[in-house]
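*Asks:* Numbering (the UniProt record's numbering), first residue to last: 1 to 196.
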Amino acid sequence: MSTRPSSNKEHDNQTASDNNASKVLPDDQSDFNPQEVARLAMDRVEQSDDTMVWLRLAAERLSLVRYVFLVQIEDGIASAEQQSALEYADAVLIGWPSKDDDDAVQIDSEMAKDVARHMRLGEEYIDRFRQAERARHIDEMTAALIRVSEQVAEIRKIYQPTFPLPTFAEIRRVIQDEWDEAMGKIDVDASESQES
């Protein structure tokens, strides 16, 4: 399993088409406050009778965090943990369901409360991610992305309970094996170059 930053185009196109669900940005974005936008979006969703709006908003929020994280790591050699975090976000987002999908369920009020709880936890981790980005703490950004992905994964399980989602631990094991193998080859090549 390798990191493929450009392989998420299908999901990005779907998310772009769904943006109207949570479009709360002012016409003049000179005073853009992402936390205020998130709060307004959450308020509008909670007031909506369309429970599928939560599904679209969750994907949009994770997609945004994923993109910012990708920009931060794309110029260097990502660690196994960073690659795993990105792969996990991709796994959560891939094939994101729509309300017309046969395996997507209409949630009831109790399920909606669970979704709202995961959304708010996700927003708390997004805030941590934003703070880590400002401080340029890539390890903290990595940890926050993982937590955001976990909350969005829980939301997806509520709407699409039969979809097989991997855990971060499963992805981490695969990536670590690939990382160790790649680093081993680099060490061997470096040793052979020195000997020659």
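Yeah, the Cβ is synthetic: ideal placement off N, Cα and C, and Gly gets one too. Remember, predicted model here, so these are calculated numbers, not experimental data.
Tell me whether ILE136 sits in a helix, a strand or coil according to DSSP, three-state version.
*Replies:* According to the sequence shown, residue 136 is Arg rather than Ile. Under the three-state reduction of DSSP output, ARG136 falls in the coil class, being neither helix nor strand.
*Asks:* If you check the beta carbons only, do VAL105 and PRO161 fall under 8 Å apart?
*Replies:* yes
*Asks:* Note down the Cα distance separating PHE129 from ASP102, rounded to an integer number of angstroms.
*Replies:* 34 Å
*Asks:* Roughly how many angstroms separate the alpha carbons of PRO166 and SER84, rounded to a whole number?
*Replies:* 12 Å
*Asks:* So is GLU87 buried or exposed if we call it buried at 16+ other beta carbons inside 10 Å?
*Replies:* With 16 or more other Cβ atoms inside 10 Å of its own Cβ, GLU87 counts as buried.
*Asks:* Ordered along the chain, which non-local residues of its own chain (more than five positions away) have a Cβ less than 7 Å from that of ILE146?
*Replies:* ALA85, TYR88 and PHE168
*Asks:* What residue from ASP177, ILE158, ASP180 and GLU124 has the CA that sits closest to LYS99's CA?
*Replies:* ILE158
*Asks:* Can you tell me which of GLU81, GLU181, SER149 and MET52 puts its alpha carbon nearest to the alpha carbon of VAL92?
*Replies:* SER149
*Asks:* If I measure Cβ to Cβ from ALA144 and keep anything under 7 Å in the same chain, skipping five residues before and after, which residues do I get?
*Replies:* TYR125, ARG128, PHE129 and ALA132
*Asks:* Whole-angstrom Cβ separation of ALA58 and ILE155, contact assumed at under 8 Å?
*Replies:* 5 Å
*Asks:* Among residues of its own chain, excluding the 5 on either side of ASP114, which ones have a beta-carbon nearer than 7 Å to its beta-carbon?
*Replies:* ILE158
*Asks:* Let me know the secondary structure DSSP gives SER98 once reduced to three states.
*Replies:* The answer is coil: DSSP assigns SER98 none of H, G, I, E or B.
*Asks:* Go ahead and label MET119 buried or exposed: buried means 16 or more other beta carbons lie within 10 angstroms of its beta carbon, across all protein chains shown.
*Replies:* buried
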